[in-house]
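Under my numbering, the letters of the sequence shown match residues 21 to 327, in that order. We put the beta carbon where it would ideally sit given N, CA and C, even for glycine. Only a predicted model underlies this, so the values are computations on that prediction, with no experimental measurement involved.
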Amino acid sequence: MARSKRHTKSGPGATVDGGNEVRAYSQEIVGATLTVLTGGEAGRFFTLGPTGGVLGRGDEVDVAFSDETVSRRHATVTLGAEGFRLTDSESHNGTYLDGLAVRGSIVLPRRCRIQLGTRVMLEWNALDELGVEAIGKLSKALLLDPLTGAGNRFHLEQRLAAETSYARRHHQALGLLLMDLDHFKRVNDEHGHLVGDRVLANVGHALTASCRTEDAVFRYGGEEFCILVRGLEMDRLLHMAERIRAMIAGLSVDAEDTCVQVTTSIGVAALDLEDKPDAEEILLLADRALYRAKTLGRDRVEIFQPE
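This is how it looks when you write it as structure tokens:
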């Protein structure tokens, strides 16, 4: 019995496989991923496009690490005719490719391990068009809450660590708003979980639309949301929180013959830059402020104030 012939093309188009027409992708490398394997940032991953990027600990880099053994501009990745090329930028603690020191620059294989300094090990994977498309979908699934469109808890942990480091280096204000929808269990009990989900989705989308580009909205869990706010002092943070409280109180969702409205309690905290705080401290302070807002009657904004 004769075998059917399979034809492939190197560029985008179509190919015939057993009589079925399928889409073909170019095998040309157009991007890459970097996954952190070691250290306190293990599990983070980054994507690079065809323009490549600068790797380092400084602020003017494309892929930033907090490890102090990484130089501010440690290495550069560029894409040429032969593929991606890794160049050590005269880093203090060296750049290594599969255990060997990089002197100058070297062409990267499709898959390898890159070490920056003494503690940061990265998994490198070069991607073609199909791979870039798949990674884009994976990134969205990993970082976003599908119901509300806000960032998820995993994304919050990553962003909080990065924003805390940025605030320390630049001595710039960093604020956090932690909010909880009041008596949300009643919504689910009286109107059903489908209506409850619609309320959560409306709140998430409204929060994202009302924030600045440099701020970030996350679903902290259940009916709790969190907003990271860069560059606003406490008085402006409180003004922002009050505006958001009023906005949520004005939202409504149709449920059969009635409209469902909710209120929110908001705890506000600001990073204490003089105390060299860790990433979780500001979240803890906001949680205490939220508890205060709940105990004082809900539908209000509070800040944490020590006794």
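Check                                                                                             : Outcome
Same chain, Cβ closer than 7 Å to CYS231, five either side skipped, listed in chain order         : VAL237, ILE247
Unbroken alpha helix (DSSP H) run spanning LEU258, endpoints                                      : 254–269
Stretch-stretch touch, CB-based, cutoff 8 Å, three pairs: the region 63–72 with the region 96–111 : yes
Buried/exposed call for THR315, threshold 16 Cβ in 10 Å                                           : exposed
GLY287 and LEU310 closer than 8 Å at C-beta                                                       : yes
Candidates ARG93, GLY124, TRP144: closest to ASP118 by CA position                                : TRP144
Same chain, Cβ closer than 8 Å to ASP307, five either side skipped, listed in chain order         : LEU198, GLY287
Between the CA atoms of ALA226 and GLY63 - distance to the nearest angstrom                       : 30 Å
Cβ shell of GLU48 (< 7 Å), same chain only, five flanking positions each side left out            : ASP148
With 16 other Cβ atoms within 10 Å as the buried cut-off, status of ASP165                        : buried
Which of helix, strand or coil DSSP assigns to PHE65                                              : strand
CB contact flag (LEU194, LEU291, <8 Å)                                                            : yes
THR228 - containing beta strand (DSSP E), residue span                                            : No beta strand (DSSP E) holds THR228; the alpha helix (DSSP H) holding it covers 213–230.
Whole-angstrom C-beta distance between ARG77 and PHE85, which should lie under 8 Å                : 6 Å
Simplified DSSP assignment, three categories, for ASP235                                          : coil
DSSP three-state assignment for PHE324, whether helix, strand or coil                             : coil
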